[in-house]
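To start, the structure under review is shown below, and the notes come after it.
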Amino acid sequence: MKFNSTYFIYIMLIFSLFGCKEQEASNENTDGGSEIEAITYYAQDTLRKTSLSKTYNVDLSENVDSSDGSKPVIVSVRSLSSSPSCNVLSVNSKGFQIDARNSKSCTYEYSVGSATTLSKMRAKDASISAMSGVSLGVATATVLVGDSSELLKPISATTTVDDSVDIFIKTELAQYGDEIGVGFTLDENSLVLPNASVTGSSASASVGDDSITYTPGLGFSGVERILYSYTDGVSVLTGSIDVSVSTTVNTAPNAEYFYYLYGDGTQPVPYGETIEIDVKDYISDDDGDTLQLIDVFAYDATLSIPTDFNSNGNNFDDTVFTFSSNNPGRHSITYVVSDNKGGFATGVIELNIAGVYKKIILTSSDPVLIFAPPYTIEQAESAGIKYSEGKVGDGIDSLTGVSTATHDWDTANAICVAKGGSLPSIESMTLLYEEYVNGGLFSNHNWPVDLAYWTSSTISAGSHQEIDMKSGLGSSSLDSQVRYVSCTVDGIVDVEVLGADAITVTEGTPSITEVYQLKGTFASGVSEIIPNDQILWDTFTNPAELAKFDENVGALTSFPQSPEVTGTSTLTGCTADGICDTKIVYLQSLICGGIDSSTRFNADRACIKINTVPGTTTLVTGALSVSFYNKLESLTSPVGGKYVYYDDKEQGNYYIFQTRYDEFVSLCNRYNQIELAGRTNWSADPQGRIDYQLRDALLGAYNNPALGSGDMWERYGWPTGRVYIYGQSGSSNRSSSRVDMATGTVSSLFGSLGYGTSYSSCYSAN
Numbered sequence: 001m002k003f004n005s006t007y008f009i010y011i012m013l014i015f016s017l018f019g020c021k022e023q024e025a026s027n028e029n030t031d032g033g034s035e036i037e038a039i040t041y042y043a044q045d046t047l048r049k050t051s052l053s054k055t056y057n058v059d060l061s062e063n064v065d066s067s068d069g070s071k072p073v074i075v076s077v078r079s080l081s082s083s084p085s086c087n088v089l090s091v092n093s094k095g096f097q098i099d100a101r102n103s104k105s106c107t108y109e110y111s112v113g114s115a116t117t118l119s120k121m122r123a124k125d126a127s128i129s130a131m132s133g134v135s136l137g138v139a140t141a142t143v144l145v146g147d148s149s150e151l152l153k154p155i156s157a158t159t160t161v162d163d164s165v166d167i168f169i170k171t172e173l174a175q176y177g178d179e180i181g182v183g184f185t186l187d188e189n190s191l192v193l194p195n196a197s198v199t200g201s202s203a204s205a206s207v208g209d210d211s212i213t214y215t216p217g218l219g220f221s222g223v224e225r226i227l228y229s230y231t232d233g234v235s236v237l238t239g240s241i242d243v244s245v246s247t248t249v250n251t252a253p254n255a256e257y258f259y260y261l262y263g264d265g266t267q268p269v270p271y272g273e274t275i276e277i278d279v280k281d282y283i284s285d286d287d288g289d290t291l292q293l294i295d296v297f298a299y300d301a302t303l304s305i306p307t308d309f310n311s312n313g314n315n316f317d318d319t320v321f322t323f324s325s326n327n328p329g330r331h332s333i334t335y336v337v338s339d340n341k342g343g344f345a346t347g348v349i350e351l352n353i354a355g356v357y358k359k360i361i362l363t364s365s366d367p368v369l370i371f372a373p374p375y376t377i378e379q380a381e382s383a384g385i386k387y388s389e390g391k392v393g394d395g396i397d398s399l400t401g402v403s404t405a406t407h408d409w410d411t412a413n414a415i416c417v418a419k420g421g422s423l424p425s426i427e428s429m430t431l432l433y434e435e436y437v438n439g440g441l442f443s444n445h446n447w448p449v450d451l452a453y454w455t456s457s458t459i460s461a462g463s464h465q466e467i468d469m470k471s472g473l474g475s476s477s478l479d480s481q482v483r484y485v486s487c488t489v490d491g492i493v494d495v496e497v498l499g500a501d502a503i504t505v506t507e508g509t510p511s512i513t514e515v516y517q518l519k520g521t522f523a524s525g526v527s528e529i530i531p532n533d534q535i536l537w538d539t540f541t542n543p544a545e546l547a548k549f550d551e552n553v554g555a556l557t558s559f560p561q562s563p564e565v566t567g568t569s570t571l572t573g574c575t576a577d578g579i580c581d582t583k584i585v586y587l588q589s590l591i592c593g594g595i596d597s598s599t600r601f602n603a604d605r606a607c608i609k610i611n612t613v614p615g616t617t618t619l620v621t622g623a624l625s626v627s628f629y630n631k632l633e634s635l636t637s638p639v640g641g642k643y644v645y646y647d648d649k650e651q652g653n654y655y656i657f658q659t660r661y662d663e664f665v666s667l668c669n670r671y672n673q674i675e676l677a678g679r680t681n682w683s684a685d686p687q688g689r690i691d692y693q694l695r696d697a698l699l700g701a702y703n704n705p706a707l708g709s710g711d712m713w714e715r716y717g718w719p720t721g722r723v724y725i726y727g728q729s730g731s732s733n734r735s736s737s738r739v740d741m742a743t744g745t746v747s748s749l750f751g752s753l754g755y756g757t758s759y760s761s762c763y764s765a766n
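Residues 1 to 766 (the UniProt record's numbering) make up the sequence shown, in order.
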């Protein structure tokens, strides 16, 4: 087991601090003895919740480990919170005790090492810092005390060296659709900067506007974490803010939110399984710098970043980390990337950890079979089901420390009926065994195989067949005996989020509400819409003010801004079993990124590039993407004479037009109908004539006195894989006049036919 936690602090001049939570004991005996083998101690950041009581014991024994398998002990604990009510009452080898009589959020730093280290400290009455040659694993424990408690979604913020930044908590949480409940107040005394003693940074809270002002330490660049909490006197909410502090010498990178789905892209992450997550597709840098994943953080999880994962000999371009957790439910992971030139960015990943046991979908059978897992004793107890306690897992045939419920046959049969299924036949269980032979049911899915499972197959009155899932052998057993229980059920095996792919948020347009649904496909092949009250929605909107998702009805409402901005909403819908699908909804203008936007790779969406002609009020459009045409057609009417062209440079599909007819005139008229950019005088008429105004508009956009000239793709993201035509002349209009928007070159081409094919453009001269 490997634990990794680095408090999210990266000081460029002290980069060797990275990974400081996994520390090796010195291989030199400081008492003058012989050399000893180095031992690495691991500590895991953890979150605990407890109701109000006199005291609370924080047991950390499951959050620590060592490289040689020996059990570390707690060496020290100190409170990072300023409130006296967070003081540590006592410390023992497994954890510590705190006062739990009032609602609060407290954060502690704890250190783990060997029992020998602890003995030496006690003998010398020394602190950790006073002992030379001692190396410890260090992590944090955050404890929430209250009648109820909740971990808020992580917030990311950015600033530059020596510049303070105000972070408005409610606004940031709105990106997830989260709200702070009525009666909750930001606790000014709850702010914690775990590394303030190193960075020199500070933070202050403003209760009136629910904001936190962060001031980085002098000259500090990197990423620093702030912890905060809200309370209403009896309950507590806690959250974290990760602030990227970049230098001003280059542009900071970008890191996006995403929801990670396992397996075929619909499943939760299996309990305890180590997975690899690659953030490569979710990070970018406007300067074109190579980015490196430098850390990840999550509570109650095991994380690490393998060195040179891509085996290219470069240790500074890796983007993959490993993750595992034995804590079922939703998890938020914060990841950090750097351009190694003073630029940093943080992003958030969300995922769901399956329960100890999850359903198994046997697709090799016909029809597809779904096997519901046995209950743990905790689940059976919670559901009020009669059970006998099974063996405590030994890690060989069952999960270590987990006890699974066992039942007599009548109870087992009733459980399956209550689930809307049935006890599987001996034939069905044999099919499951053949898929996972020789104990594969445990090694692949964690299901215990240290006791047989019931089947529905009858042997005689008062007895049924059982099956040993280690050997696949069936035998007779009296119904009064207790065995494990699996049920065959007809459940959902796949889901799809249905709804609009994009919502227009052009400045001045009214709000639009789109309803989203989750379609489920059952093992039987039947599909149906899942009722919204049975869906678990996770959403993230960036920027937050652009739209809001109402999970009660599954509706996303847009709020167009002034000045105009665009963004995305990521909607993830899940069943109770954690089968999910994600849809990214583009909150977009009809104009890609706004007029004169320099953003690339968006011109193929349902929008169009528009640039100004410097020194004038003239606007000119880029090529027509297939996606934008589909929207345009739905708003107006079809335009003929076009063919799809794939632009390799821009990597998108666009229409190129014949110029034999009046397609350009028709297209510009459609722009007038929708009042593109608020105008109704869009024009272009290159058919059978030279449209010099169109030529001048194209050349004017290309030659910008303030920004210089250059490839319109490089500067503005215009498609430039084809020329833009502005006229025809000569016999039978065989000579085409064109502007190459990659080079600004004007040329003519004499063709054999009376028409050519090219990108289209319209201009508006106010």
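The beta carbon of each residue, even a glycine, is placed where N, CA and C say it ideally should be.
Between the C-alpha atoms of residue i and residue j, what's the straight-line distance to the nearest angstrom?
i: Tyr643; j: Ser758; result: 10 Å
i: Val138; j: Lys583; result: 39 Å
i: residue 786; j: Thr346; result: With the chain represented from 1 up to 766, any question about residue 786 goes unanswered, as that position is not in the structure.
i: Asp187; j: Cys86; result: 13 Å
i: Asn542; j: Thr745; result: 39 Å
i: Ala765; j: Thr504; result: 25 Å
i: Ser244; j: Thr158; result: 5 Å
i: Pro563; j: Ser589; result: 12 Å
i: Ser364; j: Pro268; result: 21 Å
i: Phe297; j: Asp45; result: 8 Å
i: Ser558; j: Thr171; result: 16 Å
i: Asp397; j: Ala452; result: 12 Å
In or out: residue i buried (at least 16 other Cβ within 10 Å) or exposed?
i: Lys358; result: buried
i: Ala115; result: exposed
i: Ile212; result: buried
i: Gln465; result: buried
i: residue 767; result: One cannot answer for residue 767 here, as it falls past the ends of the chain, which runs 1 to 766.
i: Asp533; result: exposed
i: Glu528; result: exposed
i: Ile579; result: buried
i: Ala547; result: buried
i: Ile283; result: buried
i: Gly622; result: buried
i: Gln175; result: buried
DSSP state of residue i, grouped into three classes?
i: Cys106; result: strand
i: Tyr357; result: coil
i: Gln517; result: strand
i: Asn57; result: strand
i: Glu62; result: helix
i: Arg670; result: helix
i: Asp45; result: coil
i: Ala765; result: coil
i: Ser85; result: helix
i: Leu698; result: helix
i: Gly678; result: helix
i: Tyr759; result: strand
Taking 9 Å as the CB-CB limit, is residue i close to chain C?
i: Ala252; result: The structure shown contains no chain C, having only a single protein chain.
Are at least three pairs of beta-carbons, each pair with one atom in the stretch 480–490 and one in the stretch 417–431, less than 8 Å apart?
yes
Three or more beta-carbon pairs under 8 Å between the stretch 492–499 and the stretch 666–680, yes or no?
No, they do not touch.
Quick check for students: name the residue ranges of the beta strand (DSSP E) that lie wholly in the stretch 528–558, counting only runs of 3 or more.
536–542, 547–550 and 555–558
Which whole runs of the beta strand (DSSP E) in the stretch 573–654 are 3 residues long or more, in chain order?
580–588, 610–612, 619–621 and 642–647
Is there contact here, the stretch 330–349 with the stretch 402–409, by at least three beta-carbon pairs under 8 Å?
No: the two stretches stay apart, fewer than three of their Cβ pairs being nearer than 8 Å.
Runs of beta strand (DSSP E) lying entirely within the stretch 157–229, each at least 3 residues, in chain order
165–168, 202–206 and 211–215
Which full runs of the beta strand (DSSP E) of 3+ residues lie inside the stretch 238–292, going along the chain?
List check, beta strand (DSSP E) in window: 275–278.
With a floor of 3 residues, list each beta strand (DSSP E) that falls wholly inside the stretch 316–363, ordered by position along the chain.
320–324, 329–338, 344–353 and 360–362
Start-end ranges of the beta strand (DSSP E) lying completely within the UniProt domain "InvasinE Adhesion" (406–487), minimum 3 residues:
453–460, 463–467 and 474–478
Are the stretch 377–385 and the stretch 602–612 in contact at 8 Å, needing three or more beta carbon pairs?
no
Can we say the stretch 310–324 touches the stretch 216–228, given the rule of at least three CB pairs closer than 8 Å?
no
Cβ pair count under 8 Å reaching 3, the stretch 277–294 against the stretch 370–382
no
With three or more beta-carbon pairs closer than 8 Å as the criterion, would you say the stretch 713–730 touches the stretch 676–683?
no
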